[in-house]
Amino acid sequence: MFWTFVATVFCGLGAAGIAMGIRAATAKKAPKWLIPVFAGAGMLGYLIYGEYTWYDHKRAMLPEEAVVVATEQERIFFRPWTFVFPYVTSFSAVDKESISRDTGDQNIVRFTLYR
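full-length UniProt numbering puts the first residue of the sequence shown at 1, with every later residue one more than the last.
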């Protein structure tokens, strides 16, 4: 969480730097409000990127014996872009190594489910 905060701040600073470059290139004719708008857009863009890529990152970190069995996608009212492109908010994985049949009934299986 700390590194996400640091990366968000640096994205905001980088985007603000781009706006400052635009102001310098236009001999300060571009409006001053462009700098905080770019900073906010840069930070918001990074956070949206993080929301959409965390699932792929976490799935790549799973061991080979883990299998993703379910994902949940949500549309959230305070994130209006999720109504157009919902993103994965949670997933469940089963450890294939933990699957066992402890009873005489072959239809009953015990396994470890991670959420």
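For each residue, glycine too, the CB sits at the ideal point set by N, CA and C.
Computed from a predicted model, the values in this text were never measured in an experiment.
Three or more Cβ pairs drawn from the segment 51–68 and the segment 94–108 lie within less than 8 angstroms of each other, which places the two stretches in contact. M43 is positioned such that its CB atom lies closer than 8 angstroms to that of G12. A check of alpha carbon separations from V88 across Q106, R115, K28 identifies R115 as the nearest. R101 sits in coil when the DSSP states are folded into three classes, being neither helix nor strand.
Taking C-beta atoms under 8 angstroms as the contact rule, T71 and F91 qualify, at a distance of about 5 angstroms.
Inter-residue distance for A19 and P63 is about 43 angstroms (C-alpha atoms, whole angstroms).
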